[in-house]
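**Q**
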Amino acid sequence: SELKHGRVAMLAVVGYVVAESFRFPGEIAPGLKFADVPNGVAALQAIPALGWAQMFFLIGAVDYYGFLGDFEIGKPFFDDETYRKRQLSELTHGRLAMLAILELLRHDSQN
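So the mapping is simple: my numbering equals the position in the sequence shown, first residue as 1, plus 74.
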């Protein structure tokens with residue numbers, strides 16, 4: 075559970091930072107361009123309710139049915155010591171990312 079939350083937090087931090095400098099071309103919904111959606115917490119109000127429903131059900135389906143499961147292709151092979159070190163490193167980075175996304179949200183909410 076901590077590993078999954080850490081991975082989500084790492085993706086959230088990257089997405090939060092990238093949105094400050096890059097926008098997709100086109101529209102997120104009819105009449106709403108990606109460039110018109112504000113950054114951070116303000117984006118919660120700008121996305122239509124149907125968009126939130128789509129995200130909610132997609133994430134729920136992926137989590138429930140395990141579409142993004144355990145893939146064997148592309149996994150590096152390490153000895154046991156290196157593997158444990160990499161697992162600990164991923165957990166540590168995930169913990170740091172959980173704190174980072176909370177701080178980004180707190181900072182954005184207060185300003």
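Every residue gets a Cβ at the ideal spot worked out from N, C-alpha and C, and that includes glycine.
Bear in mind the structure is a predicted one, so any value in this text is a computation, not a measurement.
With DSSP as the reference, please indicate the residues paired to K159 in a beta bridge.
**A** Counting from one through the sequence shown, the residue named residue 159 turns up at place 85. None, per the DSSP bridge assignment.
**Q** With DSSP as the reference, please indicate the residues paired to K149 in a beta bridge.
**A** Your numbering for residue 149 matches position 75 in the sequence shown. Its beta-bridge partners do not exist; DSSP assigns none.
**Q** Name the DSSP beta bridge partners of K78, please?
**A** Looking up residue 78 in the sequence shown gives position 4. Paired residues: none, contrary to the question.
**Q** May I have the straight-line CA-CA distance separating R158 from A120, to the nearest angstrom?
**A** The count along the sequence shown starts at 1 and reaches residue 158 at position 84. The count along the sequence shown starts at 1 and reaches residue 120 at position 46. Their Cα atoms are separated by approximately 43 Å.
**Q** Go ahead and label I175 buried or exposed: buried means 16 or more other beta carbons lie within 10 angstroms of its beta carbon, across all protein chains shown.
**A** As a first step, residue 175 must be located in the sequence shown, where it is residue number 101. Result: buried.
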